[in-house]
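Down below is the structure, laid out as structure tokens.
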Amino acid sequence: MIEIVPAIDLMDGRCVRLSQGDFAQKKEYSAAPEQMAAVFAGAGVRRIHVVDLDGAKAGKPCNLAVLERIRASVGVDIEWGGGIKTEGDVRAAFSAGATAVVCGTVAVREPDTFRRWLEIFPAMVLGADVRGSSLATDGWLKDSGKDISELVRSFPALKELVVTQISRDGMLAGPDVELYRRLKAEFPSIVLTASGGVGNMADIAALQESGADRAIVGKAIYENRITMEEIALWCAKG
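So that you can map any letter, position 82 of the sequence shown is 132 in our numbering, and since no number is skipped, the others follow by simple counting.
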């Protein structure tokens, strides 16, 4: 069974969702991040994906105090990303309560640094944000012109990969199933997490068929397209 991973995106310490990674297309939700995390954990999920959008834009972690509050409220794994640029940032995220740290921009721009981090931190995750198959960096604000498969192949020690299709993110129009099918066939030993476009449980089923190991779900939950009851039932099957 593919694992459902609910998302919490943070701006100014609050839960928000963007559309296609556009900071100008922001919708804010009323629940505090730690409250949402507790709801997700209560439904039986084993992992929550948390993105520090302020950090992604600023190039340094900005919401670690929120991470500490989330960690205090739940016992599930917390996958944290956004603004991770230095080894100190990685250590700070783990110290604040992350069980996995996602990094993308450094992997694209300083691959040797990211290779070293993979050796030092077993729970390091490559976050590949793409438009089509071209990698974006700096909180999706810049296009690197590099191809995702080329990047993944450059890290033989990589164990986990989160791939976000930016053009689908927050649009609820369905995930890029073919992208994940291709990546899983190309890198079968890597734990592949799909992100972007999930709008209903049928999309989850399609991602499972693609071979993806995990599916990040954000806006579909907040807009009640996928209910906590549906998530609980799915988690109970797994």
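Built from N, CA and C at the ideal position, the CB exists for glycine as well. All values reported here derive from a predicted model rather than from experimental measurement.
State the start and end residues of the unbroken beta strand (DSSP E) segment that holds residue i.
| i | result |
| --- | --- |
| VAL55 | 53-61 |
| ASP102 | 97-102 |
| ARG181 | 174-181 |
| ASP127 | 127-131 |
| ILE266 | 264-267 |
| VAL152 | 150-153 |
| VAL241 | 241-245 |
How close, in whole Å, do the beta carbons of residue i and residue j come, if the pair is a contact with beta carbons under 8 Å?
| i | j | result |
| --- | --- | --- |
| SER245 | THR214 | 4 Å |
| ALA87 | ILE120 | 5 Å |
Using a 10 Å radius around the Cβ and a threshold of 16 neighbouring Cβ atoms, would you call residue i buried or exposed?
| i | result |
| --- | --- |
| THR155 | buried |
| LEU283 | exposed |
| ASP162 | exposed |
| SER260 | buried |
In whole angstroms, what separates the C-alpha of residue i from that of residue j?
| i | j | result |
| --- | --- | --- |
| ARG203 | VAL101 | 25 Å |
| VAL212 | GLN258 | 15 Å |
| ILE54 | ILE271 | 11 Å |
| ALA144 | ALA57 | The question names Ala, yet the displayed sequence has Phe at residue 144. Near 18 Å, if we compare the C-alpha coordinates of ALA57 and PHE144. |
Taking 7 Å as the cut-off, is the CB of residue i close to at least one heavy atom of the ligand MG?
| i | result |
| --- | --- |
| GLY131 | The ligand MG is not among the ligands present in this structure, which contains no ligands whatsoever. |
So residue i is in the alpha helix (DSSP H); what residue range does that whole segment cover?
| i | result |
| --- | --- |
| ARG165 | 161-170 |
| ASP139 | 137-146 |
| GLU289 | Since the first residue shown for the chain is 51 and the last is 288, residue 289 is missing from the structure and cannot be characterised. |
| LEU201 | 198-203 |
| ALA252 | 251-260 |
| SER123 | 114-123 |
Is the segment 225-232 touching the segment 247-256, taking contact as three or more C-beta pairs under 8 Å?
yes
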